[in-house]
């Protein structure tokens with residue numbers, strides 16, 4: 475009985491550790507490298523100051539590389555590898571300061587996945603569906619020809635209506 | 203009076219806080235209600251000094267406001283005098299010292315609810331805000347009457363952008379009786395237009411400057427002492443003048459002056475010469 479319980483415990487621990495490693499592995503890879511969030515309604519210096527202050531607290535943010543532009547209406551944030559910051563966190567900072575996040579330009583790296591006809595990028599715990607921009611036809615076909623599991627970096631556009639669909643602008647590598 | 207003003211300005215610069223701020227995350231008029239609110243969870247500290255100058259005397263009022271953003275569209279404020287009125291007018295003009303700053307030596311608690319907001323594009327939005335507040339006087343008398351508590355409500359709508367700003371508003375302050383006396387109610391209208399010159403339209407984190415032309419029309423009702431209307435009270439006024447606003451990160455400074463364009467007073471109370479306000483602002 476004692477030996478059976480010990481073997482069972484070892485098996486359980488092994489399974490748990492394996493699950494943890496699998497769950498941990500994707501988030502150990504970099505997610506967003508750069509996020510340029512367009513902001514509507516932001517008009518003054520204190521507005522920008524407060525947004526910058528909140529952005530500086532995000533996981534993995536490169537504090538000296540945050541840019542806020544009032545005249546062009548954006549917040550640009552760059553991240554270190556392995557960060558866990560999501561696009562929703564960035565957009566919520568904008569909303570909580572009383573403004574409206576519009577579309578977002580991102581540089582993101584992750585793992586390429588094929589699921590049926592769809593192409594996905596797994597970055598951290600999140601899957602992003604990849605779509606083609608009409609003037610950049612051929613990008614999806616190029617990705618389809620790459621093997622699943624390949625690590626890629628791309629520049630893309632995420633509309634304000636979604637946080638999990640990226641329109642490909644450039645496949646960087 | 204001049205000495206007092208000098209001391210005041212020095213003190214305010216030292217304290218570095220803003221009084222009569224109407225919009226901690228945005229820009230608003232100095233003399234009337236504004237439309238912006240603190241960010242969610244944000245605390246603001248405002249200190250201001252207002253001078254009311256009449257044909258007989260000038261008084262200096264220093265007030266403090268703390269604001270808290272309950273949400274990005276709902277802000278609560280508490281406003282109170284930092285000192286007794288300096289060189290108090292015997293017959294002070296019926297006026298508020300600012301949108302959420304209250305009057306004279308009242309303690310005022312208020313709520314600002316931005317019930318409408320449309321972020322139309324980069325750097326610009328339309329928005330509308332309701333103000334409601336209640337006040338208690340710290341002084342026993344104001345002019346010839348005993349000072350009582352009041353309720354105040356105002357609504358303001360406006361457009362803000364990186365170049366042009368405009369607000370129009372209306373408000374009503376109702377005073378309650380105290381010992382048979384009652385300060386006359388104060389209905390008012392405000393209209394503001396603002397411009398950010400191209401030469402000053404520099405991007406963050408450079409300093410941000412804005413020029414406003416502010417106007418206010420007031421229709422104070424007659425005061426009552428022991429139920430009897432006081433002859434030298436009440437009337438209609440329109441005042442207008444410029445204000446300048448500068449913002450530097452979490453600091454800001456605003457100052458403005460209003461001159462009477464029209465004063466139709468119902469009695470022989472002293473006429474106003476000007477109103478002035480200086481504000482240094484800070485956001486936590």
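Protein chains in written order, with the working numbering: chain G, 475 to 647; chain W, 203 to 486.
Every residue, glycine too, gets a C-beta built ideally from N, C-alpha and C.
Delimiting residues of the alpha helix (DSSP H) encompassing residue i
i                      : result
residue 510 of chain G : Segment 506-514 is the beta strand (DSSP E) holding residue 510 of chain G; no alpha helix (DSSP H) there.
residue 528 of chain G : 519-529
residue 648 of chain G : Any property of residue 648 of chain G remains undetermined from this structure, which presents chain G solely from 475 to 647.
Sequence-distant residues of its chain with Cβ nearer than 7 Å to residue i (five each side left out)
i                      : result
residue 515 of chain G : 573, 574
residue 379 of chain W : 350
residue 502 of chain G : Because residue 502 of chain G sits at a pLDDT of 39, beneath the cut-off of 50, its placement in the model cannot be relied upon, and the point is left open.
residue 643 of chain G : 607, 610, 629, 630, 631
residue 467 of chain W : 437, 473
Cβ of residue i within 7 Å of any chain G Cβ
i                      : result
residue 482 of chain W : no
residue 362 of chain W : yes
residue 221 of chain W : In this predicted model, residue 221 of chain W has a pLDDT of only 28, less than 50, meaning its place in the structure is not dependable; the value taken from the coordinates is given anyway. Not one chain G Cβ lies under 7 Å of residue 221 of chain W.
residue 241 of chain W : yes
residue 249 of chain W : no
residue 237 of chain W : no
residue 325 of chain W : yes
residue 451 of chain W : yes
residue 485 of chain W : yes
residue 168 of chain W : The structure shown has nothing for residue 168 of chain W, since chain W only spans 203 to 486.
residue 406 of chain W : yes
Pick from the options that is closest to residue i, judged by C-alpha positions
i                      : options                    : result
residue 447 of chain W : W:403, W:435, W:423, W:438 : W:403
residue 436 of chain W : W:389, W:429, W:461        : W:389
residue 287 of chain W : W:331, W:359, W:477, W:341 : W:341
residue 453 of chain W : W:462, W:427, W:483, W:471 : W:483
residue 614 of chain G : G:592, G:527, G:596, G:601 : G:592
residue 376 of chain W : W:346, W:360, W:338, W:411 : W:338
residue 255 of chain W : W:343, W:444, W:461, W:469 : W:461
residue 298 of chain W : W:471, W:407, W:356        : W:356
residue 408 of chain W : G:548, G:542, G:623, G:587 : G:542
residue 381 of chain W : W:428, W:336, W:412        : W:428
residue 386 of chain W : W:396, W:358, W:425, W:362 : W:425
residue 550 of chain G : G:646, G:580, G:562, G:601 : G:580
residue 540 of chain G : G:600, G:509, G:595        : G:509
residue 354 of chain W : W:398, W:312, W:264, W:473 : W:312
residue 361 of chain W : W:399, W:352, W:348, W:318 : W:318
residue 485 of chain W : W:475, W:248, W:234        : W:248
residue 285 of chain W : W:295, W:264, W:304, W:234 : W:264
Residue(s) in a DSSP beta bridge with residue i
i                      : result
residue 581 of chain G : G:508, G:629
residue 647 of chain G : Partner(s): none; residue 647 of chain G has no beta bridge.
residue 268 of chain W : W:247, W:280
residue 481 of chain G : Note: residue 481 of chain G sits in no beta bridge, so no partner.
residue 392 of chain W : W:371, W:418
residue 311 of chain W : W:280, W:336
residue 384 of chain W : W:426
residue 343 of chain W : W:348
residue 574 of chain G : G:514
CB contact check: residue i to chain W, cutoff 7 Å
i                      : result
residue 547 of chain G : yes
residue 577 of chain G : no
residue 540 of chain G : no
residue 559 of chain G : no
residue 597 of chain G : no
residue 566 of chain G : no
residue 554 of chain G : no
residue 587 of chain G : no
residue 574 of chain G : yes
residue 633 of chain G : no
residue 544 of chain G : yes
residue 594 of chain G : no
Host beta strand (DSSP E) of residue i (start-end)
i                      : result
residue 617 of chain G : Careful: residue 617 of chain G lies outside any beta strand (DSSP E), inside the alpha helix (DSSP H) at 613-619.
residue 432 of chain W : No beta strand (DSSP E) holds residue 432 of chain W; DSSP gives it neither H nor E.
residue 564 of chain G : It is not in any beta strand (DSSP E) - residue 564 of chain G instead sits in the alpha helix (DSSP H) that spans 561-570.
residue 375 of chain W : 366-377
residue 363 of chain W : That residue, residue 363 of chain W, is in no beta strand (DSSP E); it is neither H nor E in DSSP.
residue 445 of chain W : 437-450
residue 540 of chain G : Run containing residue 540 of chain G: none; DSSP gives neither H nor E here.
residue 461 of chain W : 453-467
residue 557 of chain G : Premise fails: residue 557 of chain G is in no beta strand (DSSP E) and is neither H nor E.
residue 593 of chain G : 592-597
residue 275 of chain W : Neither: residue 275 of chain W is in no beta strand (DSSP E) and is coded neither H nor E.
residue 406 of chain W : Segment: none, residue 406 of chain W is in no beta strand (DSSP E) and carries neither H nor E.
Contact set for residue i: own chain, Cβ-Cβ below 6 Å, skip 5 residues either direction
i                      : result
residue 314 of chain W : 239, 277, 331, 333
residue 394 of chain W : 231, 369, 414, 416
residue 493 of chain W : In the structure displayed, chain W extends from 203 to 486; residue 493 of chain W sits before or after that span and is not available.
residue 496 of chain G : At residue 496 of chain G the pLDDT is 46, less than 50, meaning the model places this residue with poor confidence; the figure from the coordinates comes in the next sentence. Result list for residue 496 of chain G: empty, nothing under 6 Å.
residue 449 of chain W : 410
residue 244 of chain W : 271
Residue i Cβ short of 6 Å to the ligand MG heavy atom set
i                      : result
residue 630 of chain G : Of ligands this structure carries none, so the ligand MG is not represented either.
Close Cβ partners of residue i (< 8 Å) along its chain, the five nearest in sequence each way excluded
i                      : result
residue 537 of chain G : 530
residue 272 of chain W : 242, 278
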